[in-house]
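So the number in this note's numbering is just where the residue sits in the sequence shown, counting from 1, plus 77. Report on one structure; see the data block that follows.
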Amino acid sequence: MTHSTSPRFARLLQASVAAGALAMSVLAHAQQTGPDPTTASLEKTGPLTVATAKVASPSGYGSGTVYYPTTGSAYGLVSVTPGFTEGQSAINWLGPLLASHGFVVVTIGTKTILDVPANRARQMMAALTQVTALSATKTSPFAGKVDASRLAVMGHSMGGGGSLDAARDNPTLKASIPLAPWETTKDYSKVTVPTLIVSCESDVIAPVADHANKFYASLTPTLNKGLVELKGASHFCTNSSANVATRTLIGKYSISWLKRFVDGDTRYSPFLCGAPHQADLGGTLISKYQDNCPY
């Protein structure tokens with residue numbers, strides 16, 4: 078018996094095979110570290126042991142501390158930059174937390190504490206470049222730990238504005254997380270990097286109506302983006318000085334965003350778009366949340 082295939086069926090079959098190949102390609106490029114995430118696991122230190130190393134001679138920025146998992150290799154690299162007049166201590170709580178969940182993190186100090194967002198953007202990128210290069214040297218304590226193709230930026234206040242600037246100017250970045258961002262520029266329509274903005278409802282230094290909300294609105298509708306506003310919180314709601322509950326929430330969303338877009342790990346999507354996320358919206362910490370789920 079002879080079977081014939083119609084042109085329409087052949088096209089459908091070809092499309093199905095192509096879609097399957099694309100799905101397998103995406104899975105092949107996803108970097109899954111650790112067991113399946115739960116709300117409980119994302120609200121505490123991760124399963125990986127973390128070590129710390131100082132950058133001996135920072136190139137293009139003021140100072141740097143690298144946090145990295147002691148086991149495994151080829152992790153995504155995240156730079157975290159403080160705000161106006163701040164040092165590393167303002168944001169260094171994120172270093173060991175993110176590293177324990179499977180990232181290499183460099184918290185930086187800027188050349189001067191008065192550096193503007195554009196300068197901070199250049200310095201956070203310089204830190205990514207140098208730490209990536211150091212990871213490629215056999216004598217580095219974190220040799221082989223960094224995957225140079227998976228880089229991300231975070232920053233507080235003017236460091237947050239710098240994170241937006243860096244995302245706009247460096248489209249190969251995998252993710253950006255501006256924290257209570259401040260910047261005079263309001264148009265980020267050219268950003269193609271997945272961006273999660275964390276804002277503080279009672280911020281009088283970078284009022285959300287003048288900064289975070291405008292930044293988010295300027296991002297294109299097709300961009301993977303999110304905006305979380307913390308209820309009743311001040312400009313420093315994302316810093317080391319914030320209360321435990323607030324830092325726990327910020328940590329959970331930061332880890333989930335980085336896992337989803339730096340690692341391509343869709344196991345974390347529910348914590349950004351699904352039932353666990355909806356449970357957070359019903360709590361007492363979030364005053365507003367915007368997104369363009371699903372992702």
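Cβ atoms here follow ideal geometry from the backbone N, Cα and C, with glycine treated the same way.
Spatial neighbours of residue i within its chain, please: CB distance less than 6 Å, with the 5 preceding and 5 following residues excluded, ordered by chain position.
{"i": "Val-103", "result": "Unreliable placement is indicated for Val-103, whose pLDDT of 41 sits below 50; the coordinate value is still reported in the next sentence. Closer than 6 Å at Cβ, skipping near neighbours: no residue."}
{"i": "Gly-186", "result": "Gly-139, Ser-140, Gly-164, Gln-165"}
{"i": "Tyr-293", "result": "Ile-274, Leu-304"}
{"i": "Phe-338", "result": "Lys-251, Ala-252, Pro-271"}
{"i": "Gly-238", "result": "Pro-194, Pro-258, Trp-259, Glu-260"}
{"i": "Ile-282", "result": "His-312"}
Can you tell me where the alpha helix (DSSP H) holding residue i begins and where it ends?
{"i": "Tyr-330", "result": "321-338"}
{"i": "Phe-292", "result": "289-295"}
Rank the options by C-alpha distance to the C-alpha of residue i and give the top, closest one.
{"i": "Ala-198", "options": "Arg-227, Tyr-145, Leu-175, Ser-240", "result": "Ser-240"}
{"i": "Pro-255", "options": "Thr-214, Asn-316, Tyr-152, Thr-206", "result": "Asn-316"}
{"i": "Ser-226", "options": "Lys-251, Glu-278, Cys-350, Pro-284", "result": "Lys-251"}
{"i": "Lys-267", "options": "Lys-291, Thr-297, Lys-215, Ala-289", "result": "Thr-297"}
{"i": "Ala-130", "options": "Lys-222, Thr-343, Lys-291, Tyr-145", "result": "Tyr-145"}
{"i": "Asp-224", "options": "Thr-209, Gly-238, Ser-217", "result": "Thr-209"}
{"i": "Pro-159", "options": "Ser-134, Asn-196, Tyr-152, Pro-124", "result": "Asn-196"}
What residues in its chain sit with their C-beta under 7 Å from that of residue i, if we drop five residues either side in the sequence?
{"i": "Ala-203", "result": "Ser-136, Gly-137, Tyr-138"}
{"i": "Leu-99", "result": "With a pLDDT of 38 at Leu-99, under the threshold of 50, the modelled position of that residue is not reliable, and no figure is offered here."}
My understanding is that residue i touches residue j, with C-beta atoms under 8 Å, so please give their C-beta distance in whole angstroms.
{"i": "Val-181", "j": "Leu-154", "result": "5 Å"}
{"i": "Met-235", "j": "Val-193", "result": "6 Å"}
{"i": "Val-66", "j": "Ala-176", "result": "Nothing in the structure corresponds to residue 66, since the chain is present only between 78 and 372."}
{"i": "Gly-351", "j": "Gln-108", "result": "21 Å between Cβ atoms; not a contact."}
{"i": "Lys-365", "j": "Glu-306", "result": "4 Å"}
{"i": "Lys-188", "j": "Gln-200", "result": "7 Å"}
Residue range of the beta strand (DSSP E) that residue i falls in?
{"i": "Tyr-372", "result": "First-last for Tyr-372: undefined, no H or E at that position."}
{"i": "His-233", "result": "223-233"}
{"i": "Cys-277", "result": "272-277"}
{"i": "Lys-381", "result": "No answer is possible for residue 381: it lies beyond the span of the chain, which begins at 78 and ends at 372."}
Once you ignore the five residues that flank residue i on each side, which residues in its own chain have a CB closer than 8 Å to its CB?
{"i": "Phe-348", "result": "Pro-114, Thr-116, Leu-119, Lys-329, Tyr-330, Ser-333, His-354"}
{"i": "Arg-344", "result": "Gln-109, Asp-113, Pro-114, Lys-336"}
{"i": "Ala-322", "result": "Leu-362"}
Just to confirm, are residue i and residue j a CB contact at a threshold of 7 Å?
{"i": "Leu-174", "j": "Leu-205", "result": "no"}
{"i": "Asp-280", "j": "Ala-257", "result": "yes"}
{"i": "Gly-179", "j": "Thr-110", "result": "yes"}
{"i": "Ile-168", "j": "His-233", "result": "yes"}
{"i": "Tyr-265", "j": "Ser-311", "result": "no"}
{"i": "Lys-222", "j": "Ser-150", "result": "yes"}
{"i": "Thr-184", "j": "Thr-147", "result": "no"}
Any beta carbon of chain C sitting closer than 7 Å to that of residue i?
{"i": "Gly-179", "result": "Reference to chain C is not applicable here, since this structure consists of a single protein chain."}
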